[in-house]
Every structure is written in structure tokens, then in C-alpha cells.
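If you count the sequence shown from 1, position 82 lands on 82 in the UniProt record's numbering, and the numbers rise without skipping. Reviewing the structure listed below.
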Amino acid sequence: MTRTICLHGPESTGKSTLGPRIANALGGTYVAEFGRTWSEAKGIGFTMTDLVAIAKGHMAATREALNRRPAWLVLDTDPLMTAVWADMLFGERDPWFDRFTETADFYLMFDVDLPWVPDGTRMFGTEALRGKFFELSRAELERRDLPWALVGGHGDDRFENAMKAIGEAAERGCFPDAGRRSSAQRA
């Protein structure tokens, strides 16, 4: 059975940089952030309808990856993060987001301890907005009572902290087949 890890948190926190590296270390598959692909193609003038379409696009990419049955699947965000984007942009969300139930086994919540880097798709670069985005991201995980760990640090420390959190989550039984020694525990 596939073990799923979702990278969660505000923009410019290292999710897209570390995602492929984490997947590689686990011998797994990486699903890139669908919202970034959308933004690069269509711009950042989002509507609520766009955000629901982005969430559904990410779900489709996730399902396609799951059909290949990898041992580990690392998701660069999911519809929960898109829901937080709706909260940030509009102060509300489409009811579709609250009906979303295909959550990951474990979430890595990335801290805002890295500098914000504008790249044409990012919007919330001030300290106040990054803090608000972080708190809304954390609140979404807590509201749904999902298992998660905070990942901070710079450079290789950030990667090592993520891998340590995955190993600890495996020890706590967050993943299917947690009784067997996992790649994360060997890493």
C-alpha cells in the first residue's frame, strides 16, 4: 500500500525544492504542485472557480500517481493547501473544499524561516502575510485532526529535519504497514 506524505505550508518555504529530494530518498514518486503549473500558464488572477479547478487538477495527478502503486508518494501540496489559498485571497472558501477527504497519511508543515523569494507566482511576501498564511495552514491541519510535523532549518538541515519527522511518523504508525521497517527509518 502506498504511503502518502503531503508538503504543506505557505509559499516560498522550500516545498518544491525538497519534494523531489524527499521522494528520491524514500524511493518514491513525487507529484508536483498543480497550482504552480496553472499559475505559470494562466497567471495569478485567481477566481474561486479557478481554485476549485486547481484542487481537482491536483487530485487527478495524485490519483494517477497512486495508480502506479509506488511505495511512497510525496505530494507538493494538496486541495487542503488550495483551500487555505482561498481563505487568504477571498476570506472564504468554496464548500467543495470542506467535502475533500482524500488526505495524505502525514503532512510536513514547512516553516516560514526561509526568505521569501518573488518568482512571478507568489503573492504574500510581507512578514505579516506570511505569518497569517502559516497560521491558516496550520489551523487547517488541526481542524481536520491530521498528523503533521513542523519542518524548519536551512539547507541540508531542512531536508534532514523532514526525513527525521517522516521516520518518527512511521514509528508512531502514521503510515500503512507501519509495523515493517520503512525507508524513512533507514534513511
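Every residue gets a Cβ at the ideal spot worked out from N, C-alpha and C, and that includes glycine.
I'd like the list of long-range same chain contacts for residue i, defined as Cβ closer than 6 angstroms, with 5 residues on each side in sequence excluded.
i, result
"G152", "D111, D113"
"A178", "Residue confidence is low: A178 scores 48 on pLDDT, short of 50, so the model does not pin down where it sits. No coordinate-derived value is stated."
"T4", "L73, A104, D105"
Would you decide whether residue i is buried or exposed? Buried here means 16 or more other CB atoms lie within 10 Å of its CB.
i, result
"D50", "buried"
"P176", "exposed"
"R172", "exposed"
"D105", "buried"
"C174", "buried"
"F90", "exposed"
"H154", "exposed"
Apart from the five residues just before and just after residue i, which ones in its own chain have a Cβ nearer than 7 angstroms to its Cβ?
i, result
"R181", "Caution applies to R181, whose pLDDT of 40 falls short of 50 and renders its modelled position unreliable; the model cannot decide the point."
"A165", "L108, A149, V151"
"P70", "T2, G28, T29"
Can you tell me where the beta strand (DSSP E) with residue i in it begins and where it stops?
i, result
"W72", "72-76"
"W148", "148-151"
Considering only DSSP beta bridges, list what residue i is partnered with.
i, result
"C6", "L75, Y107"
"T29", "L73"
So residue i is in the alpha helix (DSSP H); what residue range does that whole segment cover?
i, result
"F34", "34-42"
"H154", "H154 -> no alpha helix (DSSP H), and no H or E assigned at all."
"G57", "48-67"
"R138", "127-143"
"P95", "95-99"
Between residue i and the rest of its own chain, which residues show a CB-CB distance below 8 angstroms, the 5 nearest in sequence each way excluded?
i, result
"T103", "C6, D78, L80, R144, L146"
"P10", "F110, V112, F124, R130, F133, F134, S137"
"A86", "M48, L51, E92, R93, D94, F97"
query: Touch check for the region 86-95 and the region 20-29: three-plus C-beta pairs under 8 angstroms?
result: no
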